[in-house]
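Quick note on numbering: the working numbering labels position 98 of the sequence shown as 103, and the sequence is numbered without any gaps.
Below: the structure, in structure tokens.
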Amino acid sequence: LDLKEQAVADLRREVANEITGKNANGAAYGPRAQQLERQAEIIELQINNIKATDEYLRSTADIQKFNDEKKVSIAEAEKKAATLDGLLIRIQKAHEIAGFWVSLFITLLFMCIELTPIFFKLMLNKTPYDYLSENRDDLIRAENGIEVRYDYYKDKDGLERHLIINHEAERIIFEKMQVTAIQKELTAYAIAKYKEREKEKIDANLDEYIQKIDPSEINS
């Protein structure tokens, strides 16, 4: 969904460049600007349709639930942190009564109990919600013909970048180009046939053809 929204923003920027003439095509709302505008509208419609699907709404609800649980976990952790002062006092008293080694053992034991869950979470690269989110995005991209080639090339700073291919947009552009090429070919063919027909008229009766010519056209 983020990729589609980025594609809409890119298309809008291209339309603005066409209108202002930054693309060196002349400052006008011409055929290319109109075509880019139509593509942006198509993708915006797809975004609205995606946001209206049950799958998207469920995923959004899952993410919200995860964020709420995260806030609760943080609040509980803060409460535990507030009780450390009391625990520290008890450890100090144990040290006074039992001696250094017993106090050290109790301290290390509590450190292990408190830090083990933290280290366990740090070892996890992704949570189940991350995998659900990635799976949802992959399905949406596949349904709309968007291909992402991860770490496909490096930019001028040497950073790896993803290559994003919008197959649906490329298909529409290809179809428009093919239609335009066919129209040009048919126009050239029609002109050639018209030229042949006029030559036949001249060969059949030159005088009659000359009489039909407007003198003003000859002078011009």
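Even for Gly, the Cβ is constructed at its ideal location relative to N, Cα and C.
Quick caveat: nothing in here was measured; it's all calculated off a predicted structure.
Check, Outcome
"Would you tell me roughly how many angstroms separate the C-alpha atoms of L211 and V184, rounded to the nearest one?", "39 Å"
"Please name the residue, chosen from Q40, R37, Q44, that lies closest to E10 on a Cα-to-Cα basis.", "Q44"
"Using the C-alpha atoms, what's the distance from M182 back to Y214?", "39 Å"
"At the level of alpha carbons, what is the spacing between D15 and K126?", "38 Å"
"Could you compute how far the alpha carbon of D156 sits from the alpha carbon of A186?", "36 Å"
"Assuming K189 is part of the alpha helix (DSSP H), what are its boundary residues?", "172 to 209"
"Alpha carbon to alpha carbon, how far is Q69 from K75?", "10 Å"
"What would DSSP say about D143, mapped onto helix, strand or coil?", "helix"
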